[in-house]
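Input: a single structure, listed below in structure tokens.
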Amino acid sequence: MSNDSLGRVETKSFMHKDSFSLKSGKTLQGFEMVYQTYGELNEAKDNAILICHALSGNHHVAGLSEDNKKGWWDDMVGPNKAFDTNKYFIVGCNNLGGCHGSTGPNSINPENNMAYGSSFPMVTVGDWVKSQDLLRTHLGLPYWYAVVGGSLGGMQALQWSIDFPDLVKKIVVIAAAAKLSAQNIAFNEIARQAILADPNYNSEDKLPKTGLGLARMLGHITYLSDDAMREKFGRDMKKGEVNFSYDVEFEVESYLRYQGESFSNRFDAHTYLLMTKVLDYFDPAESHEGDLAKTLKSVTAKTLLIAFSSDWRFSPERSRELANAFIEAEKDVSFLEIDSPHGHDAFLMPSETYDSAIETFLDKNE
Amino acid sequence: MNKLIGKFINTNGRVLDLGCGDGSLLAFLKENNQVKGLGLEIDHQKIQKCLQKDVSVIDQDIDSGLSNFQDQSFDAVIMSQSIQALRKPEVALEEIIRIGKEAIISIPNFANWRCRLQLIFGGTMPVSSALPHDWYSTPNIHLCSLKDFEKLCVDHGADILDRQLLSFDGEEQSFMKVAPNLLTEIALYRVKARN
């Protein structure tokens, strides 16, 4: 095993027994939350970092799972990596509504002993943050040294700084936005329609895999940049020539179909629907008549915002808006726009500027 | 130079440093004047150095505008020897005095006698310690003299509150008062918007 790997990691579970009320007005009669931890909590308990996952992520952030799969941010989390597990105690959890072990649409509804499926209540970023705070208490952490995330994960980090200013010292908000644009919601709506229009949606014995696959194909395109796709596929043909049919001809078609299919085998359609809604609903400034700077007044966390030049799903402009609100609120904020050809997916990939910005920002202790 | 600028900066103020470089000035002001600082910089290696110094920094090009900053939202806005490298110095000046209750701007003096001699007798564009670049690769596209800058202030609504005459290493030199526009290498101005 190389010295930069965490090796095999273990999934743990936290059971919250009391009822948990959601922003929608619905209530969960308790919940289970699965999580993983990496590195050691120090004696002062002041080195804990929560890493929040995005739409299709989960609690397996780094290391190797029991079935030998690398975590989704393994390139950046581990010994001597950007999130250095020699220094920090890092926690990743699967959010409520997820499909990787935490209470979600696949769980049994205690009220009728049936799987929730589409009846699983809508959750919000605020609900997640509240549930993550229960995990914090369960782990005996006085506060998070940092809360970090990319995309939907960054939104959780931002929400943390607003909802629990005393419980988080630093946040890193990567490739995110203070709210979704109409275009962004529109992509989510098409993804949802793809799932909802699948004849197997809500069927008793079949899964809406075609719809979920389509949703993923669409999403995937929006996570890549035009340049990255041109570079990777160009107009390359599977068999070298057109055959005047609707079969897979271009490499990019083949790739997308593969992505859609493999995703539909490992992800739950109800969770996907739910996650896209969580994104759409996110708008912390709502509590202050849309005034983001006012919303951020209570924030005490030092903030680092990072965006990627070729990201058009969560463009650098959205991060700049966020930065401007932090500045207007007179908060301690830094912002970095990193040149990258990889579109939104860039947040998952290490690079020198990216890694060292995170490392330095986390390292600098007052 | 840092010390000199520090004299102009109120304790506990909010300071914006446009083109903050590696963040040393803001780190100095944070330490000595207890200011809340924010820097603007586009060079990522310098941004990295700012983060190392625990200086808050925004990746933003001054030339693409400063409209994201609120009126009079900073106690002081600093622009240290970079106004001559901007595409529109006059717009920058107007923005600086809109954003800052006061502004501290330093300029390399292109009418310094060494520059004049190089041009007159050498017949070449001046190169000096304050202006070390060749004409074709210089970032300094809008060089000016003290007189020029002071006229800019008059024309664009800035009152000059203070002026320091310095050598290129930032030392105050009282002899320069004899003929400021001829002798000064770097001038440091404190200005604010005209009421």
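Top to bottom, those sequences are chains A and B.
Read in order, the letters of the first sequence correspond to residues 25 to 390 in this note's numbering.
Read in order, the letters of the second sequence correspond to residues 1372 to 1566 in this note's numbering.
Glycine included, C-beta positions come from ideal geometry on N, C-alpha and C.
Here the structure is a predicted model, which is why all the values come from computation and not from measurement.
*Have a look at residue 25 (chain A) and residue 87 (chain A) and give me their C-alpha separation to the nearest angstrom.*
The sequence position of residue 25 (chain A) within the first sequence is 1, counting from 1. The sequence position of residue 87 (chain A) within the first sequence is 63, counting from 1. For residue 25 (chain A), the predicted model reports a pLDDT of 44, less than 50, meaning its position is unreliable; a value from the coordinates is still stated below. Looking at the two C-alpha atoms, the distance is approximately 11 Å.
*Check residue 349 (chain A) in the structure and name its three-state DSSP category.*
As a first step, residue 349 (chain A) must be located in the first sequence, where it is residue number 325. Here residue 349 (chain A) sits in helix by DSSP.
_Runs of alpha helix (DSSP H) lying entirely within the segment 277-342 of chain A, each at least 4 residues, in chain order_ = 293-305, 316-319
*So which residues on chain A does residue 1428 (chain B) lean against when the C-beta distance must stay under 7 Å?*
For the purposes of this step, residue 1428 (chain B) is identified with residue 57 of the second sequence, where counting begins at 1. What residue 1428 (chain B) touches in chain A: 358.
*asked:* I need the boundaries of the alpha helix (DSSP H) containing residue 1515 (chain B), first residue and last residue.
replied: On the second sequence, residue 1515 (chain B) is found 144 positions in, with the first residue counted as 1. Counting along the chain, residue 1515 (chain B) falls outside any alpha helix (DSSP H), and DSSP gives it neither H nor E.
*Measuring alpha carbon to alpha carbon, tell me which of A:89, A:353, A:237, A:204 ends up nearest residue 217 (chain A).*
Residue mapping note: residue 217 (chain A) aligns to position 193 of the first sequence, counting from 1. Among A:89, A:353, A:237, A:204, the Cα nearest to that of residue 217 (chain A) belongs to A:237.
*To the nearest angstrom, report how far apart residue 1484 (chain B) and residue 1452 (chain B) are at their CA atoms.*
Walking along the second sequence from the start, residue 1484 (chain B) turns up at place 113. Walking along the second sequence from the start, residue 1452 (chain B) turns up at place 81. If I take the Cα positions, the gap works out to 19 Å.
_Cβ closer than 7 Å: which chain B residues qualify as neighbours of residue 352 (chain A)?_
Numbered from its first residue, the first sequence carries residue 352 (chain A) at position 328. Per Cβ cutoff of 7 Å: 1441.
*Output the boundary residues of the alpha helix (DSSP H) element that contains residue 1474 (chain B).*
The residue given as residue 1474 (chain B) occupies position 103 in the second sequence. Taken as a continuous stretch (DSSP letters only), residue 1474 (chain B) belongs to no alpha helix (DSSP H), being part of the beta strand (DSSP E) at 1471-1479.
*Helix, strand or coil at residue 1525 (chain B) according to DSSP, with G and I counted as helix*: Position 154 of the second sequence, counted from the first residue, corresponds to residue 1525 (chain B). Looking at residue 1525 (chain B) - three-state DSSP - the assignment turns out to be helix.
*Residue ranges of each beta strand (DSSP E) run of no fewer than 3 residues wholly in the segment 1410-1488 of chain B, ordered along the chain?*
1428-1430, 1445-1451, 1471-1479
*Decide if residue 43 (chain A) is buried, meaning its Cβ has at least 16 other Cβ atoms within 10 Å, or exposed.*
If you number the first sequence from 1, residue 43 (chain A) lands on position 19. When all chains shown are included, residue 43 (chain A) counts as exposed.
*Whose CA, out of A:125, A:147, A:117, A:139, lies closest to the CA of residue 229 (chain A)?*
As a first step, residue 229 (chain A) must be located in the first sequence, where it is residue number 205. For the residues A:125, A:147, A:117, A:139, the minimum Cα distance to residue 229 (chain A) belongs to A:139.
*Does the Cβ-Cβ distance between residue 352 (chain A) and residue 202 (chain A) come in under 9 Å?*
Taking the first residue of the first sequence as position 1, residue 352 (chain A) is located at position 328. Taking the first residue of the first sequence as position 1, residue 202 (chain A) is located at position 178. In this structure, residue 202 (chain A) does not lie closer than 9 Å to residue 352 (chain A) by Cβ.
*Counting only beta-carbon atoms, is residue 240 (chain A) nearer than 9 Å to chain B?*
Against the first sequence, residue 240 (chain A) aligns to sequence position 216. Closer than 9 Å: no.
*Reduced DSSP secondary structure (H/G/I, E/B, other) of residue 231 (chain A)*: Along the first sequence, one-based indexing puts residue 231 (chain A) at 207. Correct three-state label for residue 231 (chain A): coil.
*Is residue 154 (chain A) helix, strand or coil by DSSP?*
To locate residue 154 (chain A), count along the first sequence from 1; it is residue 130. Residue 154 (chain A): helix per DSSP, three-state reduction.
*Enumerate in chain order the residues of its own chain whose CB-to-CB distance from residue 379 (chain A) is below 8 Å, with the five nearest sequence positions on each side excluded.*
Your numbering for residue 379 (chain A) matches position 355 in the first sequence. 100, 105, 106, listed in sequence order.
*What in chain B is Cβ-close to residue 385 (chain A), meaning under 8 Å?*
Residue mapping note: residue 385 (chain A) aligns to position 361 of the first sequence, counting from 1. Neighbours of residue 385 (chain A) on chain B, chain order: 1422.
*For residue 191 (chain A), the first and last residue of its enclosing alpha helix (DSSP H)*: By one-based count along the first sequence, residue 191 (chain A) stands at place 167. Premise fails: residue 191 (chain A) is in no alpha helix (DSSP H) and is neither H nor E.
_Chain-ordered chain B contacts of residue 380 (chain A) [CB-CB under 7 Å]_ = On the first sequence, residue 380 (chain A) is found 356 positions in, with the first residue counted as 1. Under the 7 Å cutoff, chain B gives 1419.
_Contact set between residue 361 (chain A) and chain B, taken where Cβ atoms lie within less than 7 Å_ = Locating residue 361 (chain A) in the first sequence gives position 337, counting from the first residue. By Cβ distance, chain B contributes 1430.
*Delimiting residues of the beta strand (DSSP E) encompassing residue 1388 (chain B)*: Reading the second sequence from its first residue, position 17 is the one you call residue 1388 (chain B). It spans 1385-1389 - the beta strand (DSSP E) in which residue 1388 (chain B) sits, taken as one unbroken run.
*Please state if the CB of residue 1441 (chain B) and the CB of residue 1413 (chain B) are separated by a distance shorter than 9 Å.*
Reading the second sequence from its first residue, position 42 is the one you call residue 1413 (chain B). Reading the second sequence from its first residue, position 70 is the one you call residue 1441 (chain B). Contact: no.
*How big is the Cα-Cα spacing for residue 311 (chain A) and residue 262 (chain A)?*
On the first sequence, residue 311 (chain A) is found 287 positions in, with the first residue counted as 1. On the first sequence, residue 262 (chain A) is found 238 positions in, with the first residue counted as 1. About 52 Å.
*Return yes when the Cβ of residue 1470 (chain B) is within less than 9 Å of the Cβ of residue 347 (chain A), no when it is not.*
In the first sequence, counting from the first residue as 1, residue 347 (chain A) sits at position 323. In the second sequence, counting from the first residue as 1, residue 1470 (chain B) sits at position 99. It is not a contact, given that the beta carbons lie outside the stated cut-off.
*asked:* So for residue 1548 (chain B), helix, strand or coil by DSSP?
replied: The residue given as residue 1548 (chain B) occupies position 177 in the second sequence. In the structure shown, residue 1548 (chain B) sits in a helix (DSSP, three-state: H, G or I).
*DSSP three-state call for residue 44 (chain A): helix, strand or coil?*
Translated into the one-based positions of the first sequence, residue 44 (chain A) becomes position 20. Strand at residue 44 (chain A).
_Counted within 10 angstroms of its Cβ, other Cβ atoms place residue 177 (chain A) as buried (16 or more) or exposed_ = Indexing the first sequence from 1 puts residue 177 (chain A) at position 153. Buried, since its Cβ has 16 or more Cβ neighbours within 10 Å.
_So for residue 1560 (chain B), helix, strand or coil by DSSP?_
Position 189 of the second sequence, counted from the start, is the residue given in the question as residue 1560 (chain B). Of the three classes helix, strand and coil, the one that applies to residue 1560 (chain B) here is strand, per DSSP.
*Give the straight-line distance between the Cα atoms of residue 1399 (chain B) and residue 1449 (chain B), rounded to the nearest whole angstrom.*
Taking the second sequence and counting its residues from 1, one reaches residue 1399 (chain B) at position 28. Taking the second sequence and counting its residues from 1, one reaches residue 1449 (chain B) at position 78. Approximately 13 Å between the Cα atoms of the pair.
*asked:* Tell me which residue opens and which closes the alpha helix (DSSP H) that residue 214 (chain A) is part of.
replied: As a position in the first sequence, residue 214 (chain A) is number 190, starting the count at 1. 206-220 is the span of the alpha helix (DSSP H), which, as asked, contains residue 214 (chain A).
*State whether the segment 247-256 of chain A contacts the segment 294-310 of chain A, with contact taken as three or more CB pairs (one from each stretch) at a distance under 8 Å.*
no
*Look up residue 108 (chain A) in the DSSP assignment and give the residues it is bridged to.*
As a first step, residue 108 (chain A) must be located in the first sequence, where it is residue number 84. Per DSSP, A:102.
*asked:* According to DSSP, is residue 247 (chain A) part of a helix, a strand, or is it coil?
replied: Locating residue 247 (chain A) in the first sequence gives position 223, where the first residue counts as 1. DSSP places residue 247 (chain A) in helix when its eight states are reduced to three.
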